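Have a look at the structure below, then the notes.
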Amino acid sequence: LNVRTDPDTNISTNIIGVLSQDTKIEIVEEVNDFYKIKYKGQYAYVAKSYVSVKQNMKLDKVADLKLTTDVVVRELASDTSDSIFTLKQGTKVTVVEN
Numbered sequence: 001l002n003v004r005t006d007p008d009t010n011i012s013t014n015i016i017g018v019l020s021q022d023t024k025i026e027i028v029e030e031v032n033d034f035y036k037i038k039y040k041g042q043y044a045y046v047a048k049s050y051v052s053v054k055q056n057m058k059l060d061k062v063a064d065l066k067l068t069t070d071v072v073v074r075e076l077a078s079d080t081s082d083s084i085f086t087l088k089q090g091t092k093v094t095v096v097e098n
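Taking UniProt numbering, the leading residue of the sequence shown gets 1, the next gets one more, and so forth.
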């Protein structure tokens, strides 16, 4: 299964890795026909049609929100953890749980 920098199978240069069958992955979100995943410390994409999601791992939507201020997203659930990126004020986000 090809791991890509962008959710686009028409660009062969966006392949940054390959996952073997039965590899467990962390799915961050669904993006059209792709899953956004964590891959080697960065975000990447894999085609949904090649991924089997176990029923107990399905994410349930809790709420849709619009941020009223900038929000720092961190590696771990701690305000001293390394910052990954910042979501800007006005960004729409979906809160999920499994």
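Ideal Cβ placement from N, Cα and C applies to all residues, glycine included.
Computed from a predicted structure; not experimentally measured.
Exposed unless 16 or more other CB atoms sit within 10 angstroms - verdict on residue i
i	result
alanine 77	exposed
alanine 63	exposed
phenylalanine 85	exposed
tyrosine 50	exposed
Residue i to residue j span [Cα, whole Å]
i	j	result
asparagine 32	valine 3	16 Å
valine 71	serine 12	34 Å
serine 8	isoleucine 27	Strictly speaking, residue 8 in this sequence is aspartate, with serine absent from that position. Roughly 17 Å between the two C-alpha positions.
valine 95	lysine 61	6 Å
lysine 38	valine 18	13 Å
valine 46	isoleucine 25	10 Å
serine 81	glutamate 29	22 Å
Residue i in three-state terms, based on DSSP
i	result
lysine 38	strand
threonine 91	coil
8 Å Cβ cutoff, residue i in contact with chain D
i	result
glycine 41	Reference to chain D is not applicable here, since this structure consists of a single protein chain.
Beta carbon of residue i nearer than 8 Å to that of residue j
i	j	result
leucine 65	glycine 90	no
asparagine 14	aspartate 22	no
Please give me, in chain order, every unbroken run of the beta strand (DSSP E) with length at least 3 that falls completely inside the stretch 55 to 85. If we require 3 residues or more, the beta strand (DSSP E) runs fully inside the stretch 55 to 85 come out as 60 to 66 and 71 to 74.
Mind pulling the beta strand (DSSP E) runs of 3 or more residues that sit fully within the UniProt domain "SH3b" (1 to 55)? 2 to 4, 15 to 18, 26 to 31, 34 to 39 and 42 to 47, all fully within the UniProt domain "SH3b" (1 to 55).
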